[in-house]
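Asks: Quick note: the sequence shown, position 361, residue 361 per UniProt numbering, numbers continuous.
For each residue, glycine too, the CB sits at the ideal point set by N, CA and C.
Just so you know, these numbers come straight off a predicted model, no measurement behind them.
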Amino acid sequence: MKVRIAGVGASVPPHIVSNEHLLTLFPGPRRMPWTAADFEAKTGIRERRFSVELDLATGYPILPPGYGEPPGPAGLLAEGAVLEALATANTDPTELDALIYGSATPDRIRFGDDAQLLHHRLGMRPDAPVVHIDVGCGGSIFGLQWAKEMILSGVRRRVAVVMVQVVSPALNREIYSGALDYDGRTNEAFLTALLFGDGAGAVVLERAEDGESEMLAAVARNEHFEIAVQEGGGNLRPPGSASASDFAVHILGKRVADAYAPVLRGSIEEALAQADYGIDAIGRFYFHQSNLRLVDQLTEELGADPARVAINVDRYGNTSGASTLILLAEEVRSGMVALGSGVPVVLAAVGANLQYGAHVLRL
Numbered sequence: 001m002k003v004r005i006a007g008v009g010a011s012v013p014p015h016i017v018s019n020e021h022l023l024t025l026f027p028g029p030r031r032m033p034w035t036a037a038d039f040e041a042k043t044g045i046r047e048r049r050f051s052v053e054l055d056l057a058t059g060y061p062i063l064p065p066g067y068g069e070p071p072g073p074a075g076l077l078a079e080g081a082v083l084e085a086l087a088t089a090n091t092d093p094t095e096l097d098a099l100i101y102g103s104a105t106p107d108r109i110r111f112g113d114d115a116q117l118l119h120h121r122l123g124m125r126p127d128a129p130v131v132h133i134d135v136g137c138g139g140s141i142f143g144l145q146w147a148k149e150m151i152l153s154g155v156r157r158r159v160a161v162v163m164v165q166v167v168s169p170a171l172n173r174e175i176y177s178g179a180l181d182y183d184g185r186t187n188e189a190f191l192t193a194l195l196f197g198d199g200a201g202a203v204v205l206e207r208a209e210d211g212e213s214e215m216l217a218a219v220a221r222n223e224h225f226e227i228a229v230q231e232g233g234g235n236l237r238p239p240g241s242a243s244a245s246d247f248a249v250h251i252l253g254k255r256v257a258d259a260y261a262p263v264l265r266g267s268i269e270e271a272l273a274q275a276d277y278g279i280d281a282i283g284r285f286y287f288h289q290s291n292l293r294l295v296d297q298l299t300e301e302l303g304a305d306p307a308r309v310a311i312n313v314d315r316y317g318n319t320s321g322a323s324t325l326i327l328l329a330e331e332v333r334s335g336m337v338a339l340g341s342g343v344p345v346v347l348a349a350v351g352a353n354l355q356y357g358a359h360v361l362r363l
C-alpha cells in the first residue's frame, strides 16, 4: 500500500500590506530605528497578506460590520484551501475519511471550534473525525505524517490536512510596542508584527495501489527549545493578571537563526537517505518560509540548486505551518510541477517549540 498527495490548495487574503505600512504602525523603539529597506534586507520580506486592514491613525485593525460571528478569517481561508485541494483531487468532502486542522491562531480558541465548524461547512460525513492541533511553523510536517499513518493503518482511505495562520486581527500598537528579555537579549515585539502574514494551505492524501506518486520517507522530531513565546492568556498569566504586551507573540530571533539550518539539514539528509535519493535527484524543494536569509543558508549548506528552491516569503511573509503547503499549491497551479508526474520533491519545516522534520515524496 502507498500513500500519495492527490490534491493541493491554498488561500491568501486580498489585502497586500507593505513594510512601510507596518513600520508606520509599529515603528519600534527610538533606540532601534528600522526602515522598510532594512527589514527587507534582513528578512527578504517585502509585503504580506492580511485578512483585515490596519488603521494608521489608531494602530488598531479595522474590523468590518458584522465581524465577530463565525466563520472568521482563519476558518474561511482554511475552507478555501481545502476546497481547492478537493477539486484538484477530483473528489468531494463526503469522500474524506478524516480532517486534520492545524493552527495556533484560530478564530475561537477553545474546543477545536474552528475545525468542527469547517467539518460542518464542508458537509463531511459524521463518522469522519476532525481534530484541531495547536501547532506553529512545523505543523505541516506532523499533519502530513499523522494523515499518512492513518491511511497506512487501513482505517482511513482519504484524509485532508489544512494549516492556517491569521495574525492580522490581533495586531495593534498597544500590544506590539513592548519587549521580552530572554537569554540576556531584548526581543522587540514590533519585529514579530512585521514577520508574519495570513494564509492557508491544504493537501488531500489518499491510498494508492499503483502509479508513480508516493510519500517515500519522513523525519518528524520534537525537542523542547523555545523559539516563540506568548506569555499572556494561559493559566500562568491569565487575563486580569497580564498586561496588554503579554499577549504579543515574541519570536526569539537568535534562537530561530541558530536552529533553522542545522535541524532542517539533518532532517532532510536523514529523509533522503531513507528514500535512497541524493540531493541532486530532487526536482523541487519546499522549505518553511521563515525568512529568505535562513532559506538561502539552508540551501547552501545542503548543496541544493537555488533554482529548484521555491520562494514566496517575499510576497507573503512567514505564514507558519501553511507556508510549505502554499508553496506546493502555487507551483501546481502554475504548472511548475504536476501531481501524478512522479517528480521527487522535499518538504521541510521547523517551528515552535521545537517541532521539525522533512518529507521526501514523488508527486
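Please list the segments of the alpha helix (DSSP H) lying wholly inside the region 250-288, counting only runs of 4 or more residues, in order along the chain.
Replies: 253-275
Asks: So G9 and L83 are supposed to be a Cβ contact under 8 angstroms. How far apart are they, rounded?
Replies: For this step, residue 9 is matched to residue 9 along the sequence shown. For this step, residue 83 is matched to residue 83 along the sequence shown. That belief holds up - the Cβ atoms of G9 and L83 are roughly 7 angstroms apart, short of 8 angstroms.
Asks: State the DSSP-derived secondary structure class of G321, mapped to helix, strand or coil.
Replies: Locating residue 321 in the sequence shown gives position 321, counting from the first residue. In this structure, G321 counts as helix in the three-state DSSP scheme.
Asks: Write down every uninterrupted run of the alpha helix (DSSP H) in the region 42-115 whose length is 4 residues or greater and which is fully enclosed by it, in chain order.
Replies: 73-88
Asks: By a C-beta neighbour count over all protein chains shown, 10 Å radius and 16 as the cutoff for buried, is R125 buried or exposed?
Replies: Here residue 125 refers to the residue found at position 125 when the sequence shown is read from its first residue. R125 should be labelled exposed.
Asks: Going by CA-CA distance only, name the one from A57, L56 and P73 that's closest to P64.
Replies: Numbered from its first residue, the sequence shown carries residue 64 at position 64. Cα-wise, what sits closest to P64 is P73.
Asks: In chain order, what residues of the same chain have a beta carbon less than 6 angstroms from the beta carbon of F225, not counting five sequence neighbours either side?
Replies: Locating residue 225 in the sequence shown gives position 225, counting from the first residue. Here the set comprises L354.
Asks: So the alpha helix (DSSP H) H15 belongs to, where does it begin and stop?
Replies: The residue you call residue 15 lines up with position 15 of the sequence shown. No alpha helix (DSSP H) holds H15; the beta strand (DSSP E) holding it covers H15 to S18.
Asks: May I ask you to verify whether the region 158-178 touches the region 95-104, counting CB pairs closer than 8 angstroms and requiring at least 3?
Replies: yes
Asks: Mind checking who I5 pairs with in its DSSP beta bridge?
Replies: Taking the sequence shown and counting its residues from 1, the one referred to as residue 5 is at position 5. As computed with DSSP, I5 is found in a beta bridge with L205.
Asks: Excluding five sequence neighbours on each side, which residues of the same chain lie with their C-beta closer than 6 angstroms to the C-beta of A352?
Replies: Here residue 352 corresponds to residue number 352 of the sequence shown, with the count starting at 1. Excluding sequence neighbours, A352 sits near G136, I227 and A228.
Asks: What does the alpha-carbon distance come out to for the pair A329 and E188?
Replies: Residue numbering aside, residue 329 sits at position 329 when the sequence shown is read from its first letter. Residue numbering aside, residue 188 sits at position 188 when the sequence shown is read from its first letter. A329 and E188: Cα-Cα distance of roughly 33 angstroms.
Asks: Pull up the CB-CB distance for A338 and V332, whole angstroms please, since I reckon it's below 8 angstroms.
Replies: Position 338 of the sequence shown, counted from the start, is the residue given in the question as residue 338. Position 332 of the sequence shown, counted from the start, is the residue given in the question as residue 332. The Cβ separation is near 7 angstroms, so the contact holds.
Asks: Return the first residue and the last residue of the beta strand (DSSP E) that V130 is part of.
Replies: Here residue 130 corresponds to residue number 130 of the sequence shown, with the count starting at 1. Start and end: V130 to I133.
Asks: Determine whether the beta carbon atoms of R48 and G317 lie at a separation below 7 angstroms.
Replies: Stepping through the sequence shown from its first residue, residue 48 is reached at position 48. Stepping through the sequence shown from its first residue, residue 317 is reached at position 317. Result yes, Cβ atoms of R48 and G317 sit closer than 7 angstroms.
Asks: Say whether the region 148-160 touches the region 23-42, bearing in mind that this needs 3 or more beta-carbon pairs closer than 8 angstroms, one atom from each stretch.
Replies: no
Asks: Pull up the distance between the alpha-carbon of V219 and that of G28, whole angstroms please.
Replies: If you number the sequence shown from 1, residue 219 lands on position 219. If you number the sequence shown from 1, residue 28 lands on position 28. So the alpha carbons of these two residues sit roughly 39 angstroms apart.
Asks: What's the gap between the Cα of L363 and the Cα of M150?
Replies: Residue numbering aside, residue 363 sits at position 363 when the sequence shown is read from its first letter. Residue numbering aside, residue 150 sits at position 150 when the sequence shown is read from its first letter. Approximately 20 angstroms between the Cα atoms of the pair.
Asks: DSSP three-state call for L354: helix, strand or coil?
Replies: By 1-based counting over the sequence shown, the position of residue 354 is 354. Reduced to three states, the DSSP call for L354 is coil.
Asks: Determine the DSSP secondary structure at T186, reduced to helix, strand or coil.
Replies: As a working mapping, residue 186 is identified with position 186 in the sequence shown. DSSP places T186 in strand when its eight states are reduced to three.
Asks: Short check: CB of L325 to CB of G139, under 7 angstroms?
Replies: Reading the sequence shown from its first residue, position 325 is the one you call residue 325. Reading the sequence shown from its first residue, position 139 is the one you call residue 139. No. Outside cutoff.
Asks: Hey, would you say G232 sits closer than 7 angstroms to D246, going by beta carbons?
Replies: For the purposes of this step, residue 232 is taken as residue 232 along the sequence shown, with counting starting at 1. For the purposes of this step, residue 246 is taken as residue 246 along the sequence shown, with counting starting at 1. Yes, these two residues count as a Cβ contact at 7 angstroms.
Asks: If you follow the beta strand (DSSP E) that M215 is part of, which residue opens it and which one closes it?
Replies: Reading the sequence shown from its first residue, position 215 is the one you call residue 215. Start and end: E214 to N222.
Asks: When you compare only the Cα positions, how much space is there between T35 and V3?
Replies: Within the sequence shown, the letter at position 35 stands for residue 35. Within the sequence shown, the letter at position 3 stands for residue 3. Distance between the alpha carbons of T35 and V3 is about 47 angstroms.
Asks: If we require 4 or more residues per run, which alpha helix (DSSP H) segments fall completely within the region 123-170?
Replies: 139-152
Asks: Whose C-beta lies closer than 8 angstroms to the C-beta of L292 among residues of the same chain, with five residues either side of it excluded?
Replies: The sequence position of residue 292 within the sequence shown is 292, counting from 1. Take L292, set aside five residues on each side of it, and the residues of its chain with a beta-carbon closer than 8 angstroms to its own are T43, G44, I45, I311, V313 and D314, in chain order.
Asks: Does the count of Cβ pairs from the region 254-265 and the region 281-296 closer than 8 angstroms reach three?
Replies: yes
Asks: Which residue marks the beginning of the alpha helix (DSSP H) containing R293, and which one marks its end?
Replies: Working through the sequence shown from its first residue, we reach residue 293 at position 293. Taken as a continuous stretch (DSSP letters only), the alpha helix (DSSP H) holding R293 covers L292 to L302.
Asks: Is the CB-CB distance between F50 and H15 below 7 angstroms?
Replies: Sequence index remark: in the sequence shown, residue 50 carries index 50 (1-based). Sequence index remark: in the sequence shown, residue 15 carries index 15 (1-based). Yes, these two residues count as a Cβ contact at 7 angstroms.
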